[in-house]
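Participant: For the sequence shown, full-length UniProt numbering begins at 1 and goes up steadily by one.
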Amino acid sequence: MHSSFSQGSQQQHNGYDYFDSSDVYAGGEEWVEWVRVPAPLSADEVACTALAFDQCHQMLWIGYSNGRLTSHLLPTMDKYTSIVSNSTAVKQIVPTYEGVVAISDQMAVFRSRGCVHNNAVLVESPQSITCARLARPDTPKASDHLLVGLTSGNLAAYDLQGHHPLQPIWSMDFYNATTALASSDDSSFACAGTSIGQLDLFDVNLRSRRIEASIPNAHSGSVVSMDMIDNYVLTCGVSSRSINPYDKNAPIKIYPDPLIKLFDLRTLSLVSSIPFPSSLGLPPSFVKFHSIHHAFYATDSEGELYSFDMADPMQYSQVCQLPSSVAAWDVSLTGEIMAAGSATDGSVALFDSGTSAAPHALLEPSELPLDFPPTRPPRPPLTLSPLEPAPASRYVFRPSVNAYGEEITPLSAWLPSIPDKTFKQAMTLVVAPKPTKVLHPDFDKKIQQKDTIGYTSHRGFDARNSFVYGQGRATTLATVDPRFADASTKTRQASASRASSTRSFDEADPTHQVPSSYKYVEIKLSKHGMDGFVFDFSKYNRTTHVGLENALPFAYMNAALQLMYFAPGVRSLVLGHLCEEPHCVACELGFLYHMMDQTKAKAPPKARSCQATNFLSALHQIADVAVFGLFDKTLSILARVERMLAFLTTSLPLATPWHRVKLSYDALTPESTLEAVLELSKPSKADLICVECASVDWLTNSDVKNLWNSRQWLSSKTIHVGGEAFHLIGVVSAVVRNPHKSHIVSGPNAHLVTHVWTSEEWLLCNDFSVTTSTEDDALDFSPQWKFPCVLLFSRGSSDYESTVETSIQIPDSIFQAAPLNPGAAAVEMPRLPQRGDRVAIDTEFVIVEMEEAVLQTDGTRIVTKESRQSLARVSLLHGETDNVIVDDYVLPNEPVVDYLTRFSGLVAGDLDPTQSRHNVVSLKTAYMKLRYLVDAGCVFVGHGLRKDFRIVNIFVPPEQVIDTVELYQQPSMRKIALRFLSAYLLKAEIQLETHDSIEDARAALKLHNKYLELVERGEFDKTLVEIYAAGRLCRWKIADLA
């Protein structure tokens, strides 16, 4: 970030950075940085999340993301108090006359200025506190009312000076979540901003328990920040608008509102709507009135602070540059001091307005002084030995007797016996201080305050008077003089330490027994979802095998797909299968296994994972899938995985049918064996036996669970049925933490894993997490969370085809495949590129499932579930002739939620074969054309190809990809848009009205040609620097590009 000011000279004192206020910023701004307070030391990184100036003393309160609350004295910023106040991040601080209130999601903690815990308001999940505000009603008794807003829309008031401060004195329902509160001492009304952008006025004097007036549509989204003075309200928020204004059915999305709005409560009208003049194009995050001058301030998340004149709000000026990533901000009552907290390093910067030689935070001096602990003279240092220095463990007490000749037990009795008498006689007698007992960490949370006395129950903590007895004595003996500790004790402690360090159990799990290789794993998304986000799969997969991602719906199928991959004869069958059916299970399974083989052979370890996107999309078009109930969300995944394998065995053209056995436990006894049960089923001609365990029917039946726990039931991986040996080649197991909870979807409570036998070892496939395992682990069902679902046995050898099978070659006649349009003309055969030739590619997509995201109060979005997109158009150009090879529109397999017309140029009729004037093909046909070019060794040139190939669900070796977005990118710098590169380097304007994939593919090809030209002349590095300089100068806008 570039700013128009320069910092003054910096000095450091007591760990704080001070800046000389005599050095003013260039440009005449009035605010200068005064002092910077670093974040408190912590094992984890902390961020400053809340700031507030005290109303009665020269103090600044700071809240952090780890729940710590600190106070600092002004102007020296010496620390006054510090305590871990809340269990989660402190999101707001409300100063009161008698102390402070620290607000987090589930609690509001009242504390004195000495940070003594007074009371706390707790909110049970799923509700949470959204905002709070201090209001002073006009009552005969001086009192402070704390207004607390909840996500449910309820607003409650608590009397901080009342006899029952934990009970609300009144509450009001606003029907929508209250996101911001504001009040003024000069007005009897308070204002509440809601999640729908409405401003509601209510009487804090409680003359009526209703909303007096409302200003609807102050923002089309929620109100983010708000302040009130006299009869004016200042707001900033977020807006909701359609992503396609030309389509009435297009989804609505939330965007930060770039406007600051000023309202007059007397007329309930908008006075002014001011665009926030951020140089980075960011929306305002905080707004606040100046308490003295007729002005107000606004700042964005990157710290650009502007001052606006209320008489003429369009007269503004940038007065200061705050630290980047501003997460908290406040201005003192006098307007002379400003504080800003950073979300990156947790530091807090103080700024001086320069209007006073001695800036103050209060309008009037404090009436009562602050309380400080009494000063005590320092204790003299303890001299262990006047002759020689030595560690404290050298000094113990010698035995002594009292006046009656009775021996007094010395402190040295705490030590184990010392066999070396010469060493014992060389010890010096000293007076050691009494050991200090450390209080239990939860002691402070349970203490209750009554006036100046704190009390709590002793129950639940250490036993009384037990410091030198029992466990306390053993601890002392083991730590006072470790040089003479017993060797066996050291050995036991070392073994326990090693065991605790290697234990991979989830302590939050009620069973405390789920190893890490069995835990449910998921991909953590960034705030932009999968855009530009690379997940490192090598952390979960140290093998050469390829896992399957579980971000898609119905991820329970991964377990069955992994089992079929290792089943003898199945992989070679589907890899060699190719037909003309638009929705063929064998073809789609062959495409998936081909991608897994190619990823295994050519992908780097961090990218060794695949998605079954096209396979799942094809299943939606097959009628038998509904008969088997594979997509029935009312069935447990334990039952659906059995049906999935049954569907695959009936749908695939297997040479020898599988013998399926569904177990029934009614007639079984504890002495029964699985071998005897299978003998009764008479699998005479089957090469594979699939045992369905029906575990969903006996999850809570301990008798059946004990049967599977017995090694007599299944003693080894080899069983004999009909006089022939069958070997176990795979097991699908369910990890169910709580059988009484829902297990209809894959998630933290229930998911499926697969044990498979290769020619060399056992593997445990837990979605994209793949680890080596053992036969005992595969057959062990004794853990209470592990349940068998499917067992697969093979006649004779149990080795799968360990060599990479050769997939069937896609014929070049696929480029002449007839489109789906009725009466469409035959497609002419294009000139196809050869190995090493370039192919320019660009694709367009439509959304079939919207993403799920959480909007933060600062306007940022956190993606919780990635959107699902489907290929809608693909355009290919021959890199050597510049001719169009393919320009196909793809018929979607699922209902389209959003056509992304603004970005893709597609409308509903383009993908309908009965209406479209373009060539519409099936997804399978479009995939096969791309697959042919990949197998032919063509090199793909495009802009942002990583995401395109991921959505198309095809693997392209890295050596066959030339991505211009990576060619024209400096390390750790932003990625440059295709339109900007074309305008700067090619002097061509593209994407004027809408996107066209042929135009974009041709532009990417020209950019690669330009890259080769610049590299040949040795001017590429210089040109790339010039591109970034020009982009920063015009703020990456084409219209401002010189």
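Just so it is clear, CB atoms sit at the ideal spot from N, CA and C, and this is done for glycine as well. None of the values given here were measured: they were computed from a predicted structure.
#1: Quick check: the Cα distance between S742 and S87, rounded to an integer number of angstroms?
#2: Which residues does DSSP list as the beta-bridge partners of M59?
#3: To the nearest angstrom, how far is the alpha carbon of L986 from that of K1006?
#4: Taking the straight line between their C-alpha atoms, what separation do you get for R1002 and D1021?
#5: Please tell me whether, using a cut-off of 6 Å, the distance from the CB of L668 to the nearest non-hydrogen atom of the ligand FAD is below it.
#6: Under three-state DSSP, which class holds D666?
#7: Inspect the CB distances between the stretch 549-558 and the stretch 819-826 and report whether three or more fall short of 8 Å.
#8: To test your reading of the DSSP string, which unbroken alpha helix (DSSP H) runs of 4 or more residues are found completely within the stretch 249-279?
#9: Are there 16 or more other CB atoms within 10 angstroms of the CB of E588, so buried, or fewer, so exposed?
#10: Would you give the residue range spanned by the alpha helix (DSSP H) that C587 belongs to?
#11: Which residues in the same chain have their Cβ closer than 7 Å to the Cβ of G836, if we skip the five residues on either side of it in sequence?
#12: Are the stretch 701-718 and the stretch 778-791 touching, with three or more C-beta to C-beta distances below 8 Å?
#13: How is the alpha helix (DSSP H) around W708 delimited, first residue to last?
#14: With distances taken from CA atoms, which of P284, I744, L363, N766 is nearest E522?
#15: Which residues in the same chain as R1032 place their Cβ atom closer than 7 Å to its Cβ, once the five residues preceding and following it in sequence are excluded?
#16: Helix or strand or just coil, what does DSSP make of G354?
#17: Would you kindly work out how many angstroms separate the C-alpha atoms of A1039 and Q970, rounded to a whole number?
#18: Output needed for V287: all residues of its chain with C-beta closer than 8 Å, excluding positions within five of it in sequence on either side, in chain order.
#19: Among all the DSSP beta bridges, which residues are the ones paired with I229?
#20: Three Cβ pairs or more, each shorter than 8 Å: is that satisfied between the stretch 660-677 and the stretch 749-762?
#21: Going along the chain, which unbroken runs of the beta strand (DSSP E) with 3 or more residues stay wholly within the stretch 898-967?
#22: From which residue to which residue does the alpha helix (DSSP H) around G1031 run?
#23: So, does the stretch 613-623 touch the stretch 588-597, judging by three or more C-beta pairs under 8 Å?
#24: Are the Cβ atoms of T81 and S71 separated by less than 7 Å?
#25: Please identify the residue among L933, D888, L1024 whose C-alpha is closest to the C-alpha of D996.
#26: Does DSSP put V521 in a helix, a strand or coil?
#27: Could you compute how far the alpha carbon of R902 sits from the alpha carbon of L933?
#28: With 16 as the cutoff for other CB atoms within 10 Å, does W762 come out buried or exposed?
#29: Apart from the five residues on each side of it in sequence, which residues of its chain come closer than 7 Å, Cβ to Cβ, to A499?
#30: To the nearest whole angstrom, what separates the beta carbons of V204 and S222, a pair I think is in contact under 8 Å?
#31: My assumption, with CB atoms under 8 Å, is that A567 sits in contact with L792. Please give the rounded CB distance.
#32: Taking the beta strand (DSSP E) that K288 belongs to, which residues open and close that run?
#33: May I ask you to list the residues that DSSP assigns as paired with Q198?
#34: Closer than 6 Å by C-beta to Y520: which residues in its own chain qualify, once you throw out the five before and the five after it? Chain order, please.
#35: Are L305 and L322 touching if we call contact CB-CB under 7 Å?
#36: Can you tell me which of the three DSSP states L382 falls into?
Facilitator: The answer reads as follows:
#1: 29 Å
#2: L73
#3: 8 Å
#4: 23 Å
#5: Judged by which ligands are present, the structure shown has none, so any question about the ligand FAD falls away.
#6: coil
#7: no
#8: none
#9: buried
#10: 585-602
#11: G937, V939
#12: yes
#13: 702-709
#14: N766
#15: none
#16: coil
#17: 23 Å
#18: S225, M226, D227, L234, T235, C236, I260, F296, Y297, A298
#19: Y232
#20: no
#21: 939-942, 961-963
#22: 1020-1033
#23: yes
#24: yes
#25: D888
#26: coil
#27: 30 Å
#28: buried
#29: With a pLDDT of 38 at A499, under the threshold of 50, the modelled position of that residue is not reliable, and no figure is offered here.
#30: So it is not a contact: roughly 22 Å between Cβ atoms.
#31: 6 Å
#32: 284-289
#33: Answer by DSSP bridge pairing: none, since Q198 is not bridged.
#34: P748, H751
#35: yes
#36: Residue placement at L382 is flagged as unreliable, the pLDDT there being 47, under the threshold of 50; the coordinate-derived value follows with that caveat. Of the three classes helix, strand and coil, the one that applies to L382 here is coil, per DSSP.
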